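**Q** Supplied in structure tokens, the structure appears directly below.
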Amino acid sequence: MNRRFFSLLLMLVGTLPGLAQAAPVMTPEVEAELHSQTLTWQPGENWLALRLRPQPGYHVYWINPGDSGIPTKLQWTLPDNVTAGEIHWPYPHPESLGDLTNYGYSDETLLMVPLTVPADAHGQMTLAVTASWLACKDICVPGKAELSLTRAVRAPPAQPDPDWADAFAHARSQWPQVAHDWPARFSLDDTAVSIELHSPELKGAQSVLFFPYQNDLVNHGAAQRQALQDDGLRLTQALSPYFSEAPQTVDGVVVISGDGITRAYEISARPGTVLPVSASTPAAAAMTTPATPPAAAATTAPPAFALVLLFALLGGLILNLMPCVFPVLSLKALSLINGDRDDARARQRQTYAYTAGVVLSCVAVAAVMLALRGAGAAIGWGFQLQSPVFVALMAYVLFALGLSLSGAVQFGTRLMNLGGGLAQQPGLRGAFFTGVLAVVVASPCTAPFMGSAMGYAMTQPAWVALLVFALLGLGLALPFLLIGWFPRLARALPRPGAWMETFKQLMAFPLYLSVVWLLWVLVRQTDAQMLTQAMLGLVTLAFALWLWHRTGWIARIGKSAALILALALAATLTPAPATTVDARAESQVWSAARVAELRAQERTVFVDFTADWCISCKVNERVALQSSRVQQAFAEHQVAFLVADWTRTDPAITEELARFGRNGVPLYLVYPKGADPKILPQLLTPDLVIRALTP
1 MNRRFFSLLL MLVGTLPGLA QAAPVMTPEV EAELHSQTLT WQPGENWLAL RLRPQPGYHV
61 YWINPGDSGI PTKLQWTLPD NVTAGEIHWP YPHPESLGDL TNYGYSDETL LMVPLTVPAD
121 AHGQMTLAVT ASWLACKDIC VPGKAELSLT RAVRAPPAQP DPDWADAFAH ARSQWPQVAH
181 DWPARFSLDD TAVSIELHSP ELKGAQSVLF FPYQNDLVNH GAAQRQALQD DGLRLTQALS
241 PYFSEAPQTV DGVVVISGDG ITRAYEISAR PGTVLPVSAS TPAAAAMTTP ATPPAAAATT
301 APPAFALVLL FALLGGLILN LMPCVFPVLS LKALSLINGD RDDARARQRQ TYAYTAGVVL
361 SCVAVAAVML ALRGAGAAIG WGFQLQSPVF VALMAYVLFA LGLSLSGAVQ FGTRLMNLGG
421 GLAQQPGLRG AFFTGVLAVV VASPCTAPFM GSAMGYAMTQ PAWVALLVFA LLGLGLALPF
481 LLIGWFPRLA RALPRPGAWM ETFKQLMAFP LYLSVVWLLW VLVRQTDAQM LTQAMLGLVT
541 LAFALWLWHR TGWIARIGKS AALILALALA ATLTPAPATT VDARAESQVW SAARVAELRA
601 QERTVFVDFT ADWCISCKVN ERVALQSSRV QQAFAEHQVA FLVADWTRTD PAITEELARF
661 GRNGVPLYLV YPKGADPKIL PQLLTPDLVI RALTP
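Numbering (our numbering) for the sequence shown: 1 to 695.
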């Protein structure tokens, strides 16, 4: 009897439309949930809402995020003939951080969406949505939730959900009303936009805020100078540094507060004559919106920018000492030694050509990164080494260059368009392409100061990023540039002699070691089959180069076919899935959720952002992280060691690097007993790591 009763009860409860309400999705920054205004759905219009509740200190973004940020997005999976409309955005609030001002929500917010159900719909209907957002306080964390909702379709009227009726009504009250009968006009000068409004709603206003829909119209962090008289309002705000051309209309939301009531209106201003509001205008001071004082911004920004440029220059200079760059730099040194020691002008031209090759290559890398990031790719410094095809081609170039240094082959004029041959040419062309090759092989390394400079650059306008990367290239080229500028430095170079041939051949072996390392990176990215293909390509390339100086039509056909085959083998290297195991038995795979979980337990967490192609990372592992002293300290402090492996492209890791102002690896974070993270230097020592484990 009891069994039948409970079975019947479960069947009845299972038919209730609210049973399929999914549990909220919780992240350390935001709680997300999907709700319907009604317990059932009816043919025609219905309303859904994404509920977002940021944790204290965090905020999510409005449709125009302001100086930075990303608005919340919804991607629906709906039954046939069911459609979802656009988000109806509540009016936002300003969120300031330093001299930046963003627009968004720090309290619980319902983003409502209209849902249209066809007339012939019936039975149960399930909707699914992927909601993505960006939550920020002093750091920014992207979030995502997979949400679904099931309701029965019933004839109208649909029964409201009593638990959420007040929340939906409150969300509607925050929608901006369309101001059809408000006369509104705007005008522009060289520095600011001015808007004039007239409406009875402005009488008695104690504060007014204007939020434009256009992101590139105003400087969001600048104060809104306002003059309010009777039913009229004039406001003036500085133009955005990214402002390009005057719009046909200025559209946005005006939020008016007074007598404890806040109302929002959607306005559209047309071109006209508006008298700008100055700081001395009566009532302007009382109606000025809070913003970072212009003087503070002016005193802090230039020194910070100058420091970033200095970091980029120093990082490029230190890059010359990295093992990935030295074999190529030896080529340039040999060419200077072999040249005419008394021809200062010729030596200067070579150093200028080398510098041009380095700087232009760095700027080209920055331009590619900016273009790919603009297209939505999550990339950073060294991103090309995340491609197995590029890794294999780089191995081919260094292998061919090593064969040439060993004297096994001599590149002829027909091969001069390849990187190795170009780098070995005498004169300006050889110097230029030696600079290009130096940048290519430098990409696995990140020198001190580089990480901060590049991380800053990729968050700034394009001209700033290009300038930072140009300074990085200038630092890399600086030693040879100084030799060109100061003849006395050139005299310190050893005199030419028979030793040069021996030294040249000796320099081939670091290149061969680089090829071995690249093949190791390749097998970590793909599998043993891909490694076999790459090695066959190297043998084929060596055979083609051996044939290069042979005569006769057989040799010409053979070497051309061999070169094509070698390149074809590289092109077939597809990024097959590979499973890699970290050498440290106690390591865990990094994720933002795992870090949050361990911090909640007040565990000390060490996060190693690394990549197999990052030589600096591997040196730090051998010297510091895998040392017995550090391993003992990890055990004593019960450290949770997390590895964020960036060998293959990973958008989550790229975003996390960007959170900490970095654009590449290595990055080392320590959360002592769950506290806020410490950022360690890019070159580690055991003592430095051990000291960082204590709060």
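We treat Cβ as the ideally placed atom computed from N, Cα and C, and that holds for glycine. No experiment lies behind these values; they were computed from the predicted model shown.
1. Tell me which same chain residues have a C-beta within less than 6 Å of the C-beta of M287, skipping the five on either side of it?
2. Could you compute how far the alpha carbon of D120 sits from the alpha carbon of P43?
3. Give the secondary structure of R341 by DSSP, where H, G and I count as helix, E and B as strand, and everything else as coil.
4. Counting only runs of 4+ residues fully inside the stretch 617-644, write out the alpha helix (DSSP H) ranges in chain order.
5. State the DSSP-derived secondary structure class of C614, mapped to helix, strand or coil.
6. Alpha carbons only, please: which of D138, L115, K137 is nearest the one belonging to A128?
7. With a threshold of 8 Å, are at least 3 pairs of Cβ atoms found where one atom belongs to the stretch 145-164 and the other to the stretch 238-250?
8. Can you check whether the CB of F210 is closer than 7 Å to the CB of V254?
9. Pick helix, strand or coil for T654, following the three-state DSSP scheme.
10. What does the alpha-carbon distance come out to for the pair L48 and A611?
11. Quick check: the Cα distance between W62 and L34, rounded to an integer number of angstroms?
12. Between K618, P677, L52, L657, which has its C-alpha nearest F606's C-alpha?
13. Considering V274, what are the terminal residues of the alpha helix (DSSP H) in which it resides?
14. Quick one: give me the first and last residue of the alpha helix (DSSP H) that R185 is part of.
15. Counting only C-beta atoms, is F186 closer than 7 Å to chain D at any point?
16. With distances taken Cα to Cα, identify the nearest neighbour of S406 among Q505, S616, L466.
17. If you scan the stretch 209-280 from start to end, which runs of the beta strand (DSSP E) of 3 or more residues do you find wholly inside it?
18. So, is N46 buried or exposed, given that buried needs 16 or more other C-beta atoms within 10 angstroms?
19. Return helix, strand or coil for D120, following the three-state DSSP convention.
20. Quick one: residues in its chain with C-beta nearer than 7 Å to the C-beta of A171, no 5 flanking neighbours on either side, listed in chain order?
21. Would a C-beta distance cut-off of 7 Å place R349 and G272 closer than the cut-off?
22. Take P94 and list the residues in its own chain whose beta-carbon comes closer than 6 Å to its own, dropping the five residues that flank it on each side.
23. To the nearest angstrom, how far is it from the Cα of L476 to the Cα of T130?
24. Using 8 Å for Cβ pairs, my map puts G357 next to F433. What's the rounded Cβ distance?
25. According to DSSP, is P54 helix, strand or coil?
26. Could you give the C-beta distance for P388 and M530, rounded to a whole number, given that I count them as a contact under 8 Å?
27. Measure from the alpha carbon of A470 to the alpha carbon of each residue in A371, A367, S627, F480, then state which is nearest.
28. Name the DSSP beta bridge partners of H88, please?
29. Using only alpha-carbon positions, find the residue among K618, A652, C617, D608 that is nearest to I679.
30. Taking a contact to mean a Cβ-Cβ separation below 7 Å, would you say A269 touches A238 in this structure?
31. Would you kindly work out how many angstroms separate the C-alpha atoms of G664 and T654, rounded to a whole number?
32. For A285, does the count of other Cβ atoms within 10 angstroms reach 16, so buried, or fall short, so exposed?
33. What residue range is occupied by the uninterrupted beta strand (DSSP E) comprising R594?
34. With H, G and I counted as helix, E and B as strand and the rest as coil, what does DSSP make of A675?
35. According to DSSP, is R429 helix, strand or coil?
36. Measuring straight from C-alpha to C-alpha, what distance separates V515 and P247?
**A** So, to answer that:
1. Bear in mind that the predicted position of M287 carries a pLDDT of just 44, short of 50, making it unreliable; the figure below should be weighed with that in mind. Same-chain partners within the cutoff: Q226, L228.
2. 8 Å
3. No answer about R341 holds up, because its pLDDT of 49 lies below 50 and its placement is not dependable.
4. 628-636
5. In the three-state DSSP reduction, C614 falls in the coil class, being neither helix nor strand.
6. For A128, the closest C-alpha among the options D138, L115, K137 is that of L115.
7. Short answer: they don't touch.
8. yes
9. DSSP places T654 in helix when its eight states are reduced to three.
10. Straight across, the Cα-Cα distance linking L48 with A611 is about 43 Å.
11. 18 Å
12. P677
13. First-last for V274: undefined, no H or E at that position.
14. No alpha helix (DSSP H) holds R185; the beta strand (DSSP E) holding it covers 184-188.
15. Chain labels in this structure do not include chain D; a single protein chain is all it has.
16. Q505
17. 225-229, 232-238, 250-258, 261-271
18. buried
19. coil
20. If you ignore the 5 residues before and after A171, its C-beta comes within less than 7 Å of the C-beta of A49, P90, L110, M112, all in its own chain and listed in chain order.
21. no
22. T101.
23. 45 Å
24. 6 Å
25. strand
26. Contact holds; Cβ gap of about 6 Å.
27. A367
28. According to DSSP, which records beta bridges pairwise, H88 is partnered with M112.
29. Just measuring C-alpha positions, the residue of K618, A652, C617, D608 sitting nearest I679 is D608.
30. no
31. 8 Å
32. Because the pLDDT of A285 is 39, which lies under 50, any placement of that residue in the model is unreliable, and the question is left without a value.
33. Note, R594: premise wrong, no beta strand (DSSP E); alpha helix (DSSP H) at 592-600.
34. Secondary structure of A675 (DSSP, three-state): coil.
35. helix
36. 55 Å
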